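Enquirer: Here the sequence shown stands for residues 8 to 449, where the numbers follow my numbering.
For reference, the structure I am asking about is given below.
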Amino acid sequence: MDLQLNDRVELEPRDINSYGQGVAEVNGLVVFCDGLLPGDHAIGRIKRLKKHYACAELEFLKKASRMRRQPFCSLFDYCGGCSLQHMNYPAQLIWKRQHVVDQLIRLGNFAENRIEEITKTTIGMEHPYYYRNKSQFAVAGPSGAVEIGFFRRGSHQICDGAVCGIVSPPADIARTVLRRHMETYQIAGYDEKAHRGLVRHLLVRTTCDHRSVLVCPVLNGDVLPAMDRWMADLKQDLAEKGHALESVYVNVQKKRGNTILSTDFRHIAGEPYIYERIGDIRYRISPASFFQINTVQTAALYKEVQRLADLKASEIVLDLYCGTGAIGLQLAAHAKQVIGNDVVAPAIADAQINAKMNGIDNASFYVGPAETVIPRLYDEGIQADCVVVDPPRKGCDRELLATILEMAPSKMIYVSCNPATLARDLRILADGGFKLQAVQPV
8 MDLQLNDRVE
18 LEPRDINSYG
28 QGVAEVNGLV
38 VFCDGLLPGD
48 HAIGRIKRLK
58 KHYACAELEF
68 LKKASRMRRQ
78 PFCSLFDYCG
88 GCSLQHMNYP
98 AQLIWKRQHV
108 VDQLIRLGNF
118 AENRIEEITK
128 TTIGMEHPYY
138 YRNKSQFAVA
148 GPSGAVEIGF
158 FRRGSHQICD
168 GAVCGIVSPP
178 ADIARTVLRR
188 HMETYQIAGY
198 DEKAHRGLVR
208 HLLVRTTCDH
218 RSVLVCPVLN
228 GDVLPAMDRW
238 MADLKQDLAE
248 KGHALESVYV
258 NVQKKRGNTI
268 LSTDFRHIAG
278 EPYIYERIGD
288 IRYRISPASF
298 FQINTVQTAA
308 LYKEVQRLAD
318 LKASEIVLDL
328 YCGTGAIGLQ
338 LAAHAKQVIG
348 NDVVAPAIAD
358 AQINAKMNGI
368 DNASFYVGPA
378 ETVIPRLYDE
388 GIQADCVVVD
398 PPRKGCDREL
408 LATILEMAPS
418 KMIYVSCNPA
428 TLARDLRILA
438 DGGFKLQAVQ
448 PV
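Structure (structure tokens):
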């Protein structure tokens, strides 16, 4: 019997996908459903129907999975900020490992027994809450009814709660103060359909210890009314909880569309940067700087990269897709030379400044597409002993992989935020002569 829209169906998920949706099967058709876990037995209603899959809305649970827990946020069922709060943390770590394993086997065509053998247990956090060092809240609504928060799943409606369990406490304070200020001075949030309203977003960046705070409202205009009053109130409210407002910017974004930030950052008050330390390296952070969202896990990741690289003082390291030089600078003390590359010019400028700020003189950085810069450096005689890549979700460029294979470094470390493209690229590297030795989810 074919499924129809609004049909009620029994769902018993066998897996969850990368979006945190339960994956079930009904009458031979794959059905995705938010809020379901393997081991659940539930009733759902079909809300979207395609040729090869359907999406259902959870109506009620008949039996709960042993993985299930009560979400710590009352907005979890609606908010798009999280996807796995209903899954206990140890189960999350197991699932994340399994997701990597599955992609390497299915998409990378690696032998199952070998992948199971070399894939380690996921490195998790002791306290997996309030970890985001960067928060971007959407702002909408007329004066007197302003909402500030993350978008609801699949929409541009805002979930506005007083406290979020994944952002830093200063970020919640900042949006509370901004909401109060907008109500006091009758300031409207942004209406994307009409392209009216002043405040579009609120960007907040903090250090890992939550002491240093950078705040940047994104405006459909040039200035926030009564800005001095807003900054004074924000500084006071943050200080009462032990946080310091160290930097204030405004980002002017007057164009229509969904692009959150323009390139027009205006420094209003305080220092131009806040500073974070990971291990022995200090990094400067501006509103536009790329920096990993979870500082605690970033430190764990860099420690693993350093361990796996096992560098000798005579070795040369290529740090590709290097961003602000974060990984390469961690390795510089253990290598003869680090050469970093990224396509984003401001990121390379930050990398150079971070190197100078830390007294590192054996690291150099080049701007441009890796698939262009690295073959040129190779032709000029640069031969790397260790290559580290940390590409965006789309993975590595094919020409770059070909150059790495031609270079034939003795070791390579691939840092990935997307197991699917990781699997694809590792298959290319394995076919070219590399041997996959270890997989460490973080």
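Quick reminder that beta carbons are idealized off the backbone N, C-alpha and C, glycines included.
Keep in mind the model is a prediction, meaning the values are calculated, not measured.
(1) Give the straight-line distance between the Cα atoms of residue 153 and residue 196, rounded to the nearest whole angstrom.
(2) Is the distance from the Cβ of residue 421 to the Cβ of residue 432 below 8 Å?
(3) Compute the distance between the beta-carbons of residue 327 and residue 381, then report whether it is under 8 Å.
(4) If you drop the 5 nearest sequence neighbours on each side, which residues of the same chain put their C-beta closer than 7 Å to that of residue 360?
(5) Are there three or more Cβ pairs, one per stretch, closer than 8 Å when the stretch 206-218 is compared with the stretch 139-158?
(6) To the nearest whole angstrom, what separates the beta carbons of residue 416 and residue 391, a pair I think is in contact under 8 Å?
(7) For the putative contact between residue 82 and residue 166, defined by C-beta atoms under 8 Å, what is the C-beta separation to the nearest angstrom?
(8) Below 8 Å on the Cβ atoms is my guess for residue 56 versus residue 23; work out the distance and round it to an integer in Å.
(9) Could you spell out where the alpha helix (DSSP H) holding residue 112 opens and where it closes?
(10) Please go through the same chain and pick out, in chain order, the residues whose beta-carbon is closer than 7 Å to the beta-carbon of residue 71, but skip the five residues on each side of it.
(11) Roughly how many angstroms separate the alpha carbons of residue 276 and residue 256, rounded to a whole number?
(12) Can you give me the start and stop residues for the alpha helix (DSSP H) that residue 3 sits inside?
(13) Please identify the residue among 140, 320, 435 whose C-alpha is closest to the C-alpha of residue 221.
(14) Could you please give me the residues that DSSP links to residue 254 through a beta bridge?
(15) Quick one: using the 10 Å Cβ neighbour count with 16 as the cut-off for buried, is residue 173 buried or exposed?
(16) Considering only the beta carbon of each residue, do residue 377 and residue 404 sit closer than 8 Å?
(17) Taking DSSP's pairing of strands, which residues face residue 369 in a bridge?
(18) Taking residue 322 as the reference, which of 340, 59, 21 has the closest Cα?
(19) Three or more C-beta pairs closer than 8 Å, one from the stretch 214-231 and one from the stretch 243-263: is that the case here?
(20) Quick check: the Cα distance between residue 79 and residue 42, rounded to an integer number of angstroms?
(21) Anyone know if the C-beta pair for residue 38 and residue 16 falls short of 8 Å?
(22) Here's a check: name, in chain order, each residue in its chain whose Cβ is nearer than 7 Å to the Cβ of residue 248, leaving out the five neighbours to either side.
(23) On the criterion of 16 or more Cβ atoms from any shown chain inside 10 Å, does residue 436 qualify as buried, or is it exposed?
(24) Please state if the CB of residue 354 and the CB of residue 330 are separated by a distance shorter than 8 Å.
(25) What does residue 53 pair with, by DSSP beta-bridge criteria?
(26) Write down the C-beta distance between residue 250 and residue 199 rounded to the nearest angstrom, noting that I regard them as a contact closer than 8 Å.
(27) Based on the DSSP secondary-structure assignment, which residues constitute the bridge partners of residue 344?
(28) Going by beta-carbon coordinates alone, are residue 342 and residue 324 separated by less than 8 Å?
(29) Count the other CB atoms, across all protein chains shown, that sit within 10 Å of the CB of residue 267; report buried if there are 16 or more and exposed otherwise.
(30) Residue 337 lies in the alpha helix (DSSP H); which residues open and close that run?
(31) Note down the Cα distance separating residue 205 from residue 159, rounded to an integer number of angstroms.
(32) Is residue 419 helix, strand or coil by DSSP?
(33) What are the complete beta strand (DSSP E) segments, minimum 3 residues, inside the stretch 112-198?
(34) Find the nearest neighbour of residue 89 within the set 194, 442, 101, 25, judged by alpha-carbon distance.
(35) How many angstroms separate the CA atom of residue 230 from the CA atom of residue 283?
(36) Using a threshold of 8 Å, state whether the C-beta atoms of residue 279 and residue 254 are closer than that.
Expert: In brief:
(1) 6 Å
(2) yes
(3) yes
(4) 291
(5) yes
(6) With 8 Å as the limit, residue 416 and residue 391 qualify as a contact, their Cβ atoms being about 5 Å apart.
(7) 5 Å
(8) Residue 56 to residue 23, Cβ: 21 Å. No contact.
(9) Counting along the chain, the alpha helix (DSSP H) containing residue 112 begins and ends at 96-113.
(10) 47
(11) 7 Å
(12) Any question about residue 3 goes unanswered here, given that the chain covers just 8 to 449.
(13) Measuring from the Cα of residue 221, the nearest candidate turns out to be 140.
(14) 221, 277
(15) Buried, by the Cβ-count rule.
(16) yes
(17) DSSP lists no beta-bridge partner residue for residue 369.
(18) 340
(19) yes
(20) 14 Å
(21) yes
(22) Same-chain partners within the cutoff: 176, 180.
(23) Buried.
(24) Contact flag set, yes.
(25) 63
(26) No, residue 250 and residue 199 are not in contact; Cβ-Cβ is about 31 Å, not under 8 Å.
(27) 323
(28) yes
(29) Residue 267 comes out exposed.
(30) 333-338
(31) Put simply, the backbone Cα of residue 205 is about 21 Å away from that of residue 159.
(32) strand
(33) 141-147, 154-158
(34) 25
(35) 29 Å
(36) By the CB criterion at 8 Å, residue 279 and residue 254 fall inside the cutoff.
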